[in-house]
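Participant: Attaching a single structure in structure tokens format; questions to follow.
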Ligand code: FES
């Protein structure tokens, strides 16, 4: 599956996801500016992304832990903000569009 990711200067990157990996891991390994300070433990919010173009509704709802982390994150946009470490790559997400949130 492919992930279409826009970085903080508006440049679009198309990166290949891997089944079972988190979107955070894929974007970070592709060199996008995802700090992911907690390593994907849903405890830092430095993997915050905006999910674009109707893809937000296609994701499973955020866990309570993710909602709590997003409550503390900056520039959160309801209906758009997710933690990319909590989005797991799967075929049905082929083409998902995300934008890296501001630091
Ligand atoms: S990497 Fe820390 S919350 Fe996602």
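Numbering (my numbering), first residue to last: 18 to 120.
All residues carry an ideal CB built from backbone N, CA and C; glycine is no exception.
Every value quoted in this text rests on a predicted model; they were computed, and no experiment measured them.
Does the beta-carbon of residue 54, which I'm using as the reference point, lie nearer than 7 Å to any heavy atom of the ligand FES?
Facilitator: Here residue 54 is taken as the residue at index 37 of the chain shown, counted from 1. Yes, Cβ of residue 54 sits closer than 7 Å to a heavy atom of the ligand FES.
Participant: For a test of your reading of the model: does the CB of residue 86 fall under 7 Å from any non-hydrogen atom of the ligand FES? Yes or no.
Facilitator: In the chain shown, residue 86 corresponds to position 69, counting from 1. Yes, Cβ of residue 86 sits closer than 7 Å to a heavy atom of the ligand FES.
Participant: Going by other Cβ atoms of all chains shown within 10 Å of its Cβ, with 16 needed for buried, is residue 42 buried or exposed?
Facilitator: Indexing the chain shown from 1 puts residue 42 at position 25. Counting Cβ neighbours within 10 Å, residue 42 comes out buried, since at least 16 surround it.
Participant: Could you please give me the residues that DSSP links to residue 114 through a beta bridge?
Facilitator: Stepping through the chain shown from its first residue, residue 114 is reached at position 97. Its beta-bridge partners are 21.
Participant: Following a CB-centred definition, is residue 100 positioned closer than 7 Å to any heavy atom of the ligand FES?
Facilitator: Your numbering for residue 100 matches position 83 in the chain shown. Answer for residue 100: yes, Cβ within range of the ligand FES.
Participant: Taking only heavy atoms of the ligand FES into account, decide whether any of them is closer than 7 Å to the Cβ of residue 63.
Facilitator: For the purposes of this step, residue 63 is taken as residue 46 along the chain shown, with counting starting at 1. At least one heavy atom of the ligand FES is nearer than 7 Å to the Cβ of residue 63, so yes.
Participant: Give me, in chain order, the residues of the same chain whose beta-carbon lies closer than 7 Å to that of residue 6; leave out the 5 immediate sequence neighbours on both sides.
Facilitator: Residue 6 lies beyond the range of the chain shown here (18 to 120); nothing can be said about it.
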